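Before any comments, here is the structure.
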Amino acid sequence: MAYGLLVTNDDGDVLIDSDFTHYHFLGKYTHSSVTQIPDVSGGSDAYVDEGGNSPNQNKGMENMPSKGEIYVFSVPVNGANPPMCFIKPTSTGSSAPFTGIVLTKQSGTNWEIRVFQSTVTSASPVLYCFSPLSQVSNSTSTTYGLKTFDSSGVVTFDSRFKPLRAVGGGNITSPGLAHTGSTGSSWNVSLSVNASSVSTSFTSQSSASDLIYYCPSLAHACQQYTHEEDDSGTFDWESYAWARGDIWWCFYRSCFRIASTSSFEANYGVYARGHIYEHKGDSSSVFAGLILGALTGGVYFAAILAAIVASGTFNNAGVDGGNYLPYENSYRNTSGNAFIISKASYYD
Amino acid sequence: MTKTAGWEVANKEVNEGVYLLTVKMTSVDPCSYNEELHAQLHNELIAHTHRSEVSSGLFTFDHDPTTEEVEAAVVERGFNPVLQDVDRGIIVMYGHGSLNVDNSNNITRKVEAIKTITEGEDDVLEYNFNLHNTEFMNLYSMLPISVDRMPTSMSLKGDWLHLYYVNAEHAPPEQFFTDSFFLYSVRIHKDTGAIKRKGYDKGMTLDEETVNSLQGFDTLENIVATGTYLDEPRVTIYHMKSSDKEDYVNNVSTVEIPYYGTTFENGVIVRVREYLRNV
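Chains Z and A, in that order, are what the protein sequence lines are.
For the first sequence, position 114 (counting from the first letter as 1) is numbered 737 according to the numbering used here, and the numbering increases by one without interruption.
For the second sequence, position 150 (counting from the first letter as 1) is numbered 1089 according to the numbering used here, and the numbering increases by one without interruption.
Pasting the structure below:
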């Protein structure tokens, strides 16, 4: 740095660097809509009534955990760089819902931000958004302060436009599996989030309810439970045969909360879920082609899902289409999720 | 079609040092039937089952688990390769034996004949071709006419040889029947060769007019079957002895639970028979 301005604190952390494009307060935004990923649910019933003691229970979403909700924001940004959005959560503490940004997408001159919250609440999260000065179309009559330029003469910092002030931060690791232990028994599924929250600390602040955080959701997990039964034989003067195979799954996204004035926590929320089954009965051909054993799983699921989508049972309620069961019984991107803490009061 | 009990690793993945095993666990009805017995069970409509269940579970380990460790984990989660509480051994009406299951899960048929008790008549045993072949063939040799199809069982009531036909397809013995029923019986007079026929259906199949013509019909409880005579103005209603719990027949009569057959002729009760196992 032959010339310019570099301001550091006692720890040597850079506070202002005239060669660095600092982010400044763009605005405070409330959501424009709330949505949820529609359930993928349905199945195929064939001659079930002829199936003797065939099980007929729990063919919908019974016992499935509740989904979280997705808040859709539209943030006007004058430029191609996405805004850095901090979440002001609906509440803080050990009972607060977990929240995280799951989508940042340019939409015309705006950016669409989707914030996922693990549980449905009456209150809504608010976004505090920041952008480089070149994308902040604010003006001010204040004629004093500090303003820096890079070597090309582009303004990189202007104290009059509320630069982003970080008061804490670090890395957080999300849990691996969202649900641990048994995932179900017979026709009763158990896929609720029961993983212990992962906690990390940051520089202690005076008020948890004043804190906002930036921490995009990177980790996800997908878990499933399958169950199938079949029977054949003779009962009540008739031969019978039936087979039923089901697959339940949940797709979880990582999300976060301010647990205290110095504690940040990560866990999962149910982002999408599904239940597909196939059920066949037969009273005349006892052993004819009713065994699903080799089929339950990927190929079987894909075929049934395709049939349901084709039949229109799947209701795409304004949410992007796609495969909501991307993988089976695993998780991704759990480690090294950076987060930054700031204060809402700096910008209110 | 029979599944093999046990577990298998359907998917194994190492993720950030954690071993994720998706295990498919199969539980089966442990009872097996030899081919001959199995054919009998199906053809004589004897209640039995071939049930299996397969569930998947996700197990995690901090190391690559041994077979023994996976086995211990699935057992700890409650996996049992043997299905419990399989409902079996209910004999259907006019099936001729239900099932015994020993401690080794070997299946055999109960051999006791069905006995018919009628007031004012001698008790009658019904002999099954497979279970009581000697007695059956003795009766069969008494037939004064040639019979195209071997009956499932036979009995002798007075001068009448009773032939019972049971089969999985409910196919009528075409020598005697053109109409379809669930089960069939043919009575042949041992001296004259006269023939009388009766077909059986599940539940109550009579129309309202016929029912109204039966005196005392409203006293019958829990009807399980209807016997229709083709050559006489008769009908037999098969019903439970009472509505008491101990007399309850699960859908159809079982050999362990005695039941009654009340026969009407021209609307009047002419006899009541009790059916039970000869123990």
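Using N, Cα and C, we set each Cβ at its ideal position, and we do this for glycine too.
Here the structure is a predicted model, which is why all the values come from computation and not from measurement.
Using the C-alpha atoms, what's the distance from residue j back to residue i?
| i | j | result |
| --- | --- | --- |
| A/Ala1164 | A/His1178 | 7 Å |
| Z/Cys845 | Z/Leu814 | 10 Å |
| A/Glu1051 | A/Val993 | 37 Å |
| Z/Thr806 | A/Gln1114 | 58 Å |
| A/Asp1041 | A/Glu1065 | 26 Å |
| Z/Val698 | Z/Tyr767 | 29 Å |
| Z/Ile710 | Z/Asp640 | 26 Å |
| A/Ile1127 | Z/His898 | 59 Å |
| Z/Ala609 | Z/Phe772 | The structure shown has nothing for residue 609 of chain Z, since chain Z only spans 624 to 971. |
| A/Ala949 | Z/Ala669 | 28 Å |
| A/Pro1112 | A/Arg1136 | 11 Å |
| Z/Arg783 | Z/Leu649 | 12 Å |
| A/Ser1080 | A/Thr1091 | 15 Å |
| A/Phe1120 | A/Val1063 | 24 Å |
| A/Tyr1139 | A/Thr1167 | 6 Å |
| A/Leu959 | A/Arg990 | 29 Å |
| A/Glu952 | Z/Lys690 | 27 Å |
| A/His1101 | A/Val1218 | 22 Å |
| A/Ala978 | A/Leu1038 | 14 Å |
| A/Ile1208 | A/Met1089 | 32 Å |
| Z/Asp833 | Z/Arg955 | 31 Å |
Is any beta-carbon of chain A found at less than 9 Å from that of residue i?
| i | result |
| --- | --- |
| Z/Tyr954 | yes |
| Z/Gly799 | yes |
| Z/Ser862 | yes |
| Z/Tyr837 | no |
| Z/Thr713 | no |
| Z/Gly807 | yes |
| Z/Thr658 | no |
| Z/Thr803 | yes |
| Z/Thr744 | no |
| Z/Thr823 | no |
| Z/Gln847 | yes |
| Z/Gly920 | Caution is warranted here: a pLDDT of 45 is assigned to Z/Gly920, below 50, making its placement in the model unreliable, and no coordinate value can be reported. |
Taking only beta-carbon positions, decide if residue i is within less than 9 Å of chain D.
| i | result |
| --- | --- |
| A/Ser1119 | Among the chains of the structure shown, chain D does not appear; the protein chains present are Z and A. |
What is the DSSP secondary structure of residue i, reduced to helix, strand or coil?
| i | result |
| --- | --- |
| A/Leu1064 | strand |
| Z/Phe874 | strand |
| Z/Ala866 | strand |
| A/Ala949 | strand |
| A/Lys1184 | helix |
| Z/Arg783 | helix |
| Z/Ser655 | coil |
| Z/Asp833 | helix |
| Z/Asp905 | strand |
| Z/Glu851 | strand |
| Z/His647 | strand |
| Z/Met687 | coil |
| A/Val1218 | coil |
| A/Tyr1103 | strand |
| A/Thr1175 | strand |
Flag residue i as yes if its beta-carbon sits less than 9 Å from any beta-carbon of chain Z, otherwise no.
| i | result |
| --- | --- |
| A/Lys1141 | yes |
| A/Glu1160 | no |
| A/Glu1010 | no |
| A/Leu1122 | yes |
| A/Ala944 | no |
| A/Glu1065 | no |
| A/Ala1107 | yes |
| A/Gly1017 | yes |
Name the chain A residues whose beta carbon is nearer than 8 Å to that of residue i?
| i | result |
| --- | --- |
| Z/Leu769 | Neighbours of Z/Leu769 on chain A: none; closest Cβ ~44 Å, over 8 Å. |
| Z/Ser762 | Those do not exist, as Z/Ser762 stays about 49 Å from chain A at its closest Cβ, beyond 8 Å. |
Could you work out which residues of chain Z lie near residue i, taking near to mean beta carbons separated by less than 8 Å?
| i | result |
| --- | --- |
| A/Ile985 | Thr857 |
| A/Arg1136 | The contacting residues do not exist; A/Arg1136 stays about 19 Å from chain Z at best. |
Output, in chain order, the set of chain Z residues within a Cβ distance shorter than 7 Å of residue i.
| i | result |
| --- | --- |
| A/His989 | Asp854, Ser855, Gly856 |
Under 9 Å between beta-carbons, which chain A residues line up against residue i? List them in chain order, please.
| i | result |
| --- | --- |
| Z/His850 | Glu992, Val993, Ser994, Ser995 |
| Z/Ser958 | Glu955 |
Which chain A residues are close to residue i, counting only those with a beta carbon under 7 Å from its beta carbon?
| i | result |
| --- | --- |
| Z/Gln758 | Those do not exist, as Z/Gln758 stays about 37 Å from chain A at its closest Cβ, beyond 7 Å. |
| Z/Glu951 | Asn950, Thr961 |
The segment 958 to 988 of chain A: which residues have C-beta closer than 9 Å to a C-beta of chain Z, in chain order?
-> Leu959, Leu960, Thr961, Lys963, Thr965, Asp968, Leu980, His981, Glu983, Leu984, Ile985, Ala986, His987, Thr988
Taking Cβ-Cβ distances below 8 Å as the criterion, which residues of the segment 992 to 1003 of chain A are in contact with chain Z?
-> Glu992, Val993, Ser994, Ser995, Gly996, Leu997, Thr999
Residues within the segment 1081 to 1100 of chain A neighbouring chain Z, beta-carbon criterion of under 7 Å = In summary, no residue of the segment 1081 to 1100 of chain A has a CB separated from any CB of chain Z by less than 7 Å.
Mind listing which residues of the segment 675 to 695 of chain Z have their C-beta closer than 7 Å to chain A's C-betas, in chain order?
-> none
Chain Z contacts from the segment 1037 to 1050 of chain A (Cβ-Cβ distance under 7 Å) | none
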